[in-house]
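So the structure is just underneath, and the comments pick up after that.
In full-length UniProt numbering, the protein residues as written are 1 to 550.
Have a look at this one:
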């Protein structure tokens, strides 16, 4: 402990010396003073606190608490989190390619990457991992299954698996490999002339994957393209620049960074010859399209290179860089804001307050600043990128949300797959009325409930009536209305059959055909994909949107 105290105080002194060496003003004196206070407090806690303290845990908690007061994207990575950080930036790790989640105390495979060792070995979504290399997860609650799964490439991990429909544990040997989480989980043709690329991340191979998909689809006769960056949280800036470069000319400005450290300010231009600057392009966006995906969609819009369809993007226009710290730890720190070619910054004006779904919410017109695209269309800053063709965000009914939150769609999909070893291809799969009734019957002894929006509104109205002394006069009417509007599960299962069946079908398809199958299934009902196809059928309208004459 004495050694720890000496190291802590030495580190504080070195930090203080570093501050004064760079800028010996009052602000840095205050920083050094407060660091000394922190070290003194830590020393006293360690010496006198009634229980033994964990220095690593307390330090990490205090750092995270400090960073929360800055912005949501400045983060500290402890030494034991560095492997996760590398996976996030490279999309690569050594393991089996399965995501495990703890569900009611059981370690369940929630997702399997296509082509991964897990898929090759025959593991299924929903399998319970009971043992890993002899470690019994049912008794060793402290064991971390994710860490146990990882290891040297070409080494073998032995699993004991419990599967729905199987009477005994299944023993499996899975060979670990370098697993690559792809940026483009799916690409293909929507019809004879419209191609589709689903871009879900921006790690080190994103641009190469998009280019490969683009060239291959053009070889299949693609004449128009849908690029989907919905639910894409962003990633590496250089990959965003290279992806923009696929569609805009060499040397065209893509994005510029501006921050406090002026020597880091930089303008990025398209470094290479493009693949195609003419193909009609639609970019699909939503409230979870953030950062690098907003650069791509914003640049396409600023150059009038394509039409954006969907909902306003997330609004993250802050640039981070990673700084190495002592003892193999790292700091990801916000150093600048980025600006796209029109001159606008898409960073939300207030990034600390958002809607429940993560979106920015309504921004007063008085806070927006107007900019112009290449063709003279007016666009605005202050909170994400506004689509050229807005679509409504599809909201789920209360019963669907309840069934999903309780994991009942997931659980029934396991049962359905056990009872149906083969199903129709993803594009054709559909539950019939008897299948749906089987789901309804299965739900009878399951626990789930919910409050509808109408019930919430009525409850608020009743509370207001009581507060303002009107309730006694309308009490009987309230009682009658409540009786009529109180939901019935049986009624809702029949009324919302279409919505429930669609979610259940998608869950079953994803269990059997993984990511590609799920993508092909949702094309049938995807409102943004439908809007893109409708727009491509009306090219005069497409041209008018880009010219600003719609």
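C-beta atoms are modelled at their ideal positions from N, C-alpha and C, and glycine is treated no differently. For clarity, every value in this text was computed on a predicted model and none was experimentally measured.
Residue interval of the alpha helix (DSSP H) (run including residue i)
{"i": "residue 222", "result": "No alpha helix (DSSP H) contains residue 222, which DSSP labels as neither H nor E."}
{"i": "residue 198", "result": "Run containing residue 198: none in the alpha helix (DSSP H); it sits in the beta strand (DSSP E), 194 to 198."}
{"i": "residue 114", "result": "Neither: residue 114 is in no alpha helix (DSSP H) and is coded neither H nor E."}
{"i": "residue 288", "result": "No alpha helix (DSSP H) holds residue 288; DSSP gives it neither H nor E."}
{"i": "residue 254", "result": "Where residue 254 is concerned, there is no enclosing alpha helix (DSSP H), although the beta strand (DSSP E) it sits in stretches over 253 to 259."}
{"i": "residue 327", "result": "Looking at the DSSP string, residue 327 is not in any alpha helix (DSSP H), and its letter there is neither H nor E."}
{"i": "residue 542", "result": "539 to 547"}
{"i": "residue 483", "result": "471 to 485"}
{"i": "residue 536", "result": "527 to 536"}
{"i": "residue 179", "result": "Segment 177 to 180 is the beta strand (DSSP E) holding residue 179; no alpha helix (DSSP H) there."}
Buried or exposed (CB count within 10 angstroms, at least 16 for buried), residue i
{"i": "residue 420", "result": "exposed"}
{"i": "residue 12", "result": "With a pLDDT of only 41 at residue 12, under 50, the local geometry of the prediction cannot be trusted, and the value read off the model is given with reservation. Result: buried."}
{"i": "residue 101", "result": "exposed"}
{"i": "residue 6", "result": "Here residue 6 scores only 42 on pLDDT, less than 50, and its place in the model is too uncertain to base an answer on."}
{"i": "residue 544", "result": "exposed"}
{"i": "residue 281", "result": "buried"}
{"i": "residue 437", "result": "exposed"}
{"i": "residue 47", "result": "exposed"}
{"i": "residue 145", "result": "buried"}
{"i": "residue 477", "result": "exposed"}
{"i": "residue 178", "result": "exposed"}
{"i": "residue 29", "result": "exposed"}
{"i": "residue 37", "result": "exposed"}
{"i": "residue 53", "result": "exposed"}
{"i": "residue 122", "result": "exposed"}
{"i": "residue 451", "result": "exposed"}
{"i": "residue 222", "result": "buried"}
{"i": "residue 539", "result": "exposed"}
{"i": "residue 507", "result": "buried"}
Of the residues the options, the one placed nearest residue i, counting alpha carbons only
{"i": "residue 276", "options": "157, 516, 27 and 306", "result": "306"}
{"i": "residue 186", "options": "288, 178, 521 and 335", "result": "521"}
{"i": "residue 335", "options": "132, 75, 328 and 484", "result": "75"}
{"i": "residue 312", "options": "289, 324, 318 and 326", "result": "289"}
{"i": "residue 341", "options": "376, 209, 466 and 431", "result": "376"}
{"i": "residue 180", "options": "322, 168, 201 and 534", "result": "201"}
{"i": "residue 513", "options": "69, 111 and 482", "result": "111"}
{"i": "residue 553", "options": "530, 475, 399 and 453", "result": "An answer regarding residue 553 cannot be provided, because it is not within the stretch 1 to 550 covered by the chain."}
{"i": "residue 504", "options": "126, 264, 439 and 236", "result": "439"}
{"i": "residue 35", "options": "63, 51 and 50", "result": "63"}
{"i": "residue 165", "options": "127, 55 and 418", "result": "418"}
{"i": "residue 31", "options": "456, 66 and 72", "result": "66"}
{"i": "residue 147", "options": "132, 284, 459 and 300", "result": "132"}
{"i": "residue 532", "options": "284, 115, 378 and 113", "result": "284"}
{"i": "residue 218", "options": "279, 237, 257 and 506", "result": "279"}
{"i": "residue 82", "options": "516, 49 and 324", "result": "324"}
Beta-ladder partner(s) of residue i, from DSSP
{"i": "residue 160", "result": "131 and 171"}
{"i": "residue 390", "result": "310"}
{"i": "residue 406", "result": "Paired residues: none, contrary to the question."}
{"i": "residue 318", "result": "337"}
{"i": "residue 372", "result": "378"}
{"i": "residue 98", "result": "112"}
{"i": "residue 35", "result": "Answer by DSSP bridge pairing: none, since residue 35 is not bridged."}
{"i": "residue 435", "result": "Residue 435 pairs with nothing; no bridge assigned."}
{"i": "residue 267", "result": "256"}
{"i": "residue 106", "result": "103"}
{"i": "residue 136", "result": "131"}
{"i": "residue 235", "result": "202"}
Proximity of residue i and residue j at Cβ, strictly below 7 Å
{"i": "residue 309", "j": "residue 387", "result": "yes"}
{"i": "residue 194", "j": "residue 162", "result": "no"}
{"i": "residue 251", "j": "residue 267", "result": "no"}
{"i": "residue 255", "j": "residue 338", "result": "yes"}
{"i": "residue 96", "j": "residue 117", "result": "yes"}
{"i": "residue 326", "j": "residue 232", "result": "no"}
{"i": "residue 246", "j": "residue 274", "result": "yes"}
{"i": "residue 239", "j": "residue 207", "result": "yes"}
{"i": "residue 304", "j": "residue 230", "result": "no"}
{"i": "residue 226", "j": "residue 209", "result": "no"}
{"i": "residue 299", "j": "residue 244", "result": "yes"}
{"i": "residue 367", "j": "residue 382", "result": "yes"}
{"i": "residue 234", "j": "residue 155", "result": "no"}
{"i": "residue 378", "j": "residue 499", "result": "no"}
{"i": "residue 557", "j": "residue 518", "result": "Not covered by the structure: residue 557. The range shown for the chain is 1 to 550."}
{"i": "residue 511", "j": "residue 413", "result": "yes"}
Any non-hydrogen atom of the ligand SAH closer than 6 Å to residue i Cβ
{"i": "residue 292", "result": "With respect to small molecules bound, the structure shown includes none, and the ligand SAH cannot be examined in it."}
Residue i: first and last residue of the uninterrupted beta strand (DSSP E) it sits in
{"i": "residue 378", "result": "378 to 380"}
{"i": "residue 76", "result": "75 to 77"}
{"i": "residue 424", "result": "Where residue 424 is concerned, there is no enclosing beta strand (DSSP E), given that its DSSP letter is neither H nor E."}
{"i": "residue 186", "result": "186 to 189"}
Chain C within 7 Å of residue i, Cβ atoms only
{"i": "residue 508", "result": "Looking at the structure shown, chain C is missing, and only one protein chain is on hand."}
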